[in-house]
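Numbering (my numbering), first residue to last: 127 to 355.
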């Protein structure tokens, strides 16, 4: 069975070395590029399963690389995780609007990063653009434009709430444990994870208003999005 291939596009040599060493130890094939143009060409040639893409790159920056990848039919469905020292939520929104699947703020811990890489690679390949919008039970969620509406009224969701809603609504009826939802609440200490996820879910339900019962509690497990019409 072929090993899953990860491409690192990052200009910080020491970080590339550390990531390459640890990812190879996890059994992945690892490629690397030190600038945006080189990374873009390598992605088109090697078609990796996932790309770790730095935002601040020489030449083409990460957002430009992401835009090029998403506009090319050969590379449009490759999973992209952005790495950046910028941690403001607005920067995350811009990254997602350009088509990134995840956003990792530096500095980061290796174990949680590898956990998130594995979680992305367990999921099916990124779906075509038609699947970037979910319409269900009067809820419309647009992943590319980072908008969510209930009965036509826009919801003012935080980035974490939006990602939780997308994850749940993408798999109606499937229970998610709080640990599976960990990727949505980055940087959370494991000891406070359960409480933190519950706080985000409570806030999400409040903003859903009359639609709040669509986010169901599964006792002893976590949460799911209702299948009921």
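The C-beta atom is built at its ideal place from N, Cα and C for all residues, glycine as well. Every value quoted in this text rests on a predicted model; they were computed, and no experiment measured them.
Look at the Cβ atom of residue i, then the Cβ atom of residue j, and state whether they are nearer than 8 Å.
i, j, result
"residue 262", "residue 301", "no"
"residue 190", "residue 162", "yes"
"residue 170", "residue 198", "yes"
"residue 137", "residue 176", "no"
"residue 280", "residue 273", "yes"
"residue 258", "residue 269", "yes"
"residue 231", "residue 267", "no"
"residue 340", "residue 323", "no"
"residue 353", "residue 344", "no"
"residue 247", "residue 291", "no"
Counting along the chain, where does the beta strand (DSSP E) carrying residue i start and finish?
i, result
"residue 208", "205-210"
"residue 357", "Outside the displayed span of the chain (127 to 355) sits residue 357, for which this structure offers no information."
"residue 349", "348-351"
"residue 157", "155-159"
"residue 242", "Looking at the DSSP string, residue 242 is not in any beta strand (DSSP E); the run it does join, the alpha helix (DSSP H), is 236-248."
"residue 231", "228-231"
"residue 268", "265-268"
"residue 343", "341-344"
Measuring alpha carbon to alpha carbon, tell me which residue in the options is nearest residue i.
i, options, result
"residue 166", "237, 204, 150", "204"
"residue 229", "186, 181, 143", "181"
"residue 206", "132, 347, 335, 153", "132"
"residue 348", "271, 158, 335, 326", "326"
"residue 346", "241, 141, 303", "303"
"residue 333", "343, 265, 157", "265"
"residue 160", "187, 174, 151", "187"
"residue 245", "227, 235, 331", "227"
"residue 243", "173, 292, 328, 149", "149"
"residue 210", "140, 233, 336", "233"
"residue 168", "151, 145, 200, 292", "200"
"residue 130", "335, 249, 143, 289", "249"
"residue 237", "185, 152, 337", "152"
How is the alpha helix (DSSP H) around residue i delimited, first residue to last?
i, result
"residue 286", "285-296"
"residue 140", "139-151"
"residue 275", "Element bounds for residue 275: not the alpha helix (DSSP H) but the beta strand (DSSP E), 273-276."
"residue 168", "162-172"
"residue 197", "188-197"
When DSSP builds the beta bridges, which residues end up paired with residue i?
i, result
"residue 327", "Bridge partners of residue 327: none, in fact."
"residue 279", "276"
"residue 133", "157, 177"
"residue 262", "265"
"residue 303", "348"
Tell me, to the nearest whole angstrom, how far the beta carbon of residue i is from that of residue j; I am working on the premise that it is less than 8 Å.
i, j, result
"residue 135", "residue 179", "5 Å"
"residue 195", "residue 174", "So it is not a contact: roughly 10 Å between Cβ atoms."
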